[in-house]
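Student: Quick one: this structure, given as structure tokens, is what I'll be asking you about.
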């Protein structure tokens with residue numbers, strides 16, 4: 251069981267909430283249903299595709315434009331192709347063909363103004379995507395029954411069967427699919443959104459299309475609504491469409507506690523122990539939360555720093571730089587972003603790239619003074635790291651001025667006998683006896699774990 255590859259998958263969501271033909275009642279809840287479903291499927295943590303691979307067509311009446319969007323998505327999709335429609339379904343022609351109504355569709359003659367389901371079927375069948383899903387949240391008749399959407403008729407039931415494709419429909423024959431009063435979504439999509447947003451307690455880690463169907467079937471039956479129906483292949487039933495948020499919430503809390511325990515190990519200088527714990531935490535967080543979840547990013551960052559602390563600073567710097575290049579959770583100049591820059595600078599310095607480290611640390615010191623204040627311990631820690639790199643690179647005058655500031659502030663805030671104050675004072679004393687960088691081999695390294703208490707735990 252797995253989630254679809256977000257870069258190799260495409261989603262097309264269509265909905266019509268307003269209709270020109272007086273025989274077709276407007277369905278205002280359709281528009282919000284489509285928009286909120288798009289938000290859920292493109293959520294950076296729990297979604298299945300990035301926003302640029304999800305096309306939402308709301309009240310679009312241009313059949314050529316709809317066709318282009320469908321063909322483009324079908325052609326680009328390699329893993330999952332998901333197509334969704336919400337609105338009125340119409341029956342027309344001698345064969346009682348199924349049409350999906352658009353804003354200008356005609357109830358009596360839908361063939362020239364609606365999306366023929368057979369054309370949608372052809373586009374899906376022609377796609378080389380490994381997995382194909384069609385979700386229909388609509389009736390199969392144009393009859394207006396107050397605030398209801400009528401049910402599919404027998405002639406149409408076979409039309410929704412497509413080889414190699416999972417088709418989920420919102421209504422069963424001879425029943426009524428209700429648009430309930432005072433609900434902001436259609437009854438089917440609203441309950442599907444609730445499932446995506448809150449998950450299934452004690453359910454599977456991933457919600458497959460079939461587990462979604464089974465849960466919706468039970469929920470809609472319990473609510474007195476028409477049960478959804480499915481047609482499809484058994485292989486795609488194992489493809490996950492979402493992480494189960496009910497499980498994620500419980501697991502995330504446990505993993506967060508394990509992360510804090512690893513951070514405590516790091517603060518106690520047990521970097522190898524922290525590394526072993528973080529490897530396991532990151533692996534589980536990626537599987538449960540996703541690689542770009544905020545909790546996962548914090549663990550990946552500390553794991554990278556641990557790699558540097560146990561002897562591979564260049565590898566650590568590359569991993570931290572990769573996080574900075576790809577992450578979108580930490581806003582520029584936020585404390586998490588600044589802490590990540592500090593980890594990068596430490597490992598670049600320890601890898602021998604002192605000038606690069608100094609180039610990062612100077613503006614970082616200014617940013618932290620501006621955002622946190624000059625007496626904040628994280629700011630002082632940045633100053634200490636900068637002073638160490640300046641010392642090793644031979645810039646003794648600037649290093650001495652910064653170390654004097656660090657010693658004075660730590661003595662005032664932490665006390666003369668605190669380990670961090672003693673460490674800074676020793677670095678200042680060592681600096682006074684230095685003449686060349688070659689004498690710095692035994693200079694004690696001020697580990698960056700002091701910052702953990704401020705932003706990593």
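Numbering (this note's numbering), first residue to last: 251 to 707. Glycine residues also receive a C-beta, built at the ideal position from the N, C-alpha and C atoms. Bear in mind the structure is a predicted one, so any value in this text is a computation, not a measurement.
Is it buried or exposed, residue 278, if we count other Cβ atoms within 10 angstroms and call 16 or more buried?
Tutor: With fewer than 16 other Cβ atoms within 10 Å, it is exposed.
Student: Roughly how many angstroms lie between the CA atoms of residue 265 and residue 519, to the nearest whole one?
Tutor: Approximately 57 angstroms between the Cα atoms of the pair.
Student: Should residue 385 be listed as close to the ligand ATP, given that the test is whether its C-beta is under 8 angstroms from any heavy atom?
Tutor: You won't find the ligand ATP in this model; it holds no ligand whatsoever.
Student: For residue 276, count neighbouring C-beta atoms within 10 Å of its own C-beta (all shown protein chains included) and say buried if the count is 16 or more, exposed if not.
Tutor: Residue 276 comes out exposed.
Student: Whose C-alpha, out of 261, 634, 501, is nearest the C-alpha of residue 456?
Tutor: Looking at the Cα atoms, 501 is the closest of the given residues.
Student: Let me know if residue 591 comes out buried or exposed under the rule of 16 or more other beta-carbons within 10 Å of its beta-carbon.
Tutor: Buried.
Student: If you reduce the DSSP assignment to three classes, tell me which class residue 341 lands in.
Tutor: The answer is strand: DSSP assigns residue 341 an E or B state.
Student: Under the DSSP definition of a beta bridge, which residues are partnered with residue 305?
Tutor: Its beta-bridge partners are 262.
Student: Rounded to the nearest angstrom, how far is the Cβ of residue 350 from that of residue 388, given a contact under 8 angstroms?
Tutor: With a Cβ gap of about 7 angstroms, residue 350 and residue 388 count as contacting.
Student: Quick check on the DSSP output: the alpha helix (DSSP H) that includes residue 295 runs from which residue to which?
Tutor: Per DSSP, residue 295 belongs to no alpha helix (DSSP H) and is neither H nor E.
Student: Who does residue 467 pair with in a DSSP beta bridge?
Tutor: Residue 467 pairs with nothing; no bridge assigned.
Student: Identify whether residue 490 lies in helix, strand or coil by the three-state DSSP scheme.
Tutor: Strand, per DSSP.
Student: Beta strand (DSSP E) containing residue 208: first to last residue?
Tutor: The question about residue 208 has no answer here: the residues shown for the chain are numbered 251 through 707.
Student: Which complete alpha helix (DSSP H) runs does the stretch 603-629 hold, if anything under 4 residues is left out?
Tutor: If we require 4 residues or more, the alpha helix (DSSP H) runs fully inside the stretch 603-629 come out as 604-621.
Student: Quick one: is residue 472 buried, meaning 16 or more other Cβ sit within 10 Å of its Cβ, or exposed?
Tutor: Result: exposed.
Student: Name the one or two DSSP bridge partners that residue 417 has.
Tutor: Answer by DSSP bridge pairing, in chain order: 384, 481.
Student: Based on Cα-Cα distance, which residue from 556, 292, 451, 631 lies nearest to residue 260?
Tutor: Out of 556, 292, 451, 631, 292 has the C-alpha closest to the C-alpha of residue 260.
Student: Less than 9 angstroms between the C-beta atoms of residue 271 and residue 347, yes or no?
Tutor: Their beta carbons are not under 9 angstroms apart, which means residue 271 does not touch residue 347 by this criterion.
Student: Tell me the DSSP bridge mates of residue 335?
Tutor: Per DSSP, 264, 386.
Student: Less than 9 angstroms between the C-beta atoms of residue 537 and residue 527, yes or no?
Tutor: Not a contact, by the Cβ cut-off of 9 angstroms.
Student: Using a Cβ-Cβ cutoff of less than 6 angstroms, which residues in the same chain neighbour residue 254 once the five nearest sequence positions on both sides are dropped?
Tutor: Once the five neighbours on either side are set aside, the close Cβ partners of residue 254 are 298, 329, 330.
Student: For the beta strand (DSSP E) containing residue 349, list its first residue and its last residue.
Tutor: Counting along the chain, the beta strand (DSSP E) containing residue 349 begins and ends at 347-350.
Student: Going by DSSP, what residue range makes up the alpha helix (DSSP H) through residue 436?
Tutor: It is not in any alpha helix (DSSP H) - residue 436 carries neither H nor E in the DSSP assignment.
Student: From the DSSP output, in three-state form, read off residue 457 for me.
Tutor: The answer is strand: DSSP assigns residue 457 an E or B state.
Student: What would DSSP say about residue 274, mapped onto helix, strand or coil?
Tutor: Coil, per DSSP.
Student: Quick one: give me the first and last residue of the alpha helix (DSSP H) that residue 368 is part of.
Tutor: First-last of the alpha helix (DSSP H) with residue 368: 367-376.
Student: Looking only at C-alpha atoms, which of 598, 621, 669 sits nearest to residue 610?
Tutor: Here the closest residue by C-alpha is 598.
Student: Note down the Cα distance separating residue 587 from residue 618, rounded to an integer number of angstroms.
Tutor: Their backbone Cα atoms lie some 11 angstroms apart in a straight line.
Student: So what does residue 330 bridge to, in DSSP terms?
Tutor: Residue 330 is bridged to 381.
Student: Which residues in the same chain have their Cβ closer than 8 angstroms to the Cβ of residue 622, if we skip the five residues on either side of it in sequence?
Tutor: Cβ neighbours of residue 622 beyond the five flanking positions: 585, 628, 629.
Student: Is residue 499 buried or exposed, if buried means 16 or more other CB atoms sit within 10 Å of its CB?
Tutor: Exposed, because fewer than 16 other Cβ atoms sit within 10 Å of the Cβ of residue 499.
Student: Going by other Cβ atoms of all chains shown within 10 Å of its Cβ, with 16 needed for buried, is residue 377 buried or exposed?
Tutor: Flag for residue 377 reads buried.
Student: Since I believe residue 418 is in contact with residue 478 (beta carbons under 8 angstroms), could you give me their beta-carbon distance rounded to a whole number of angstroms?
Tutor: That pair is a contact at about 6 angstroms.
Student: Mind checking who residue 252 pairs with in its DSSP beta bridge?
Tutor: 489, per the DSSP bridge assignment.
Student: I think residue 415 touches residue 382, with their Cβ atoms under 8 angstroms apart; what is that distance to the nearest whole Å?
Tutor: About 4 angstroms; that satisfies the 8 angstroms criterion.
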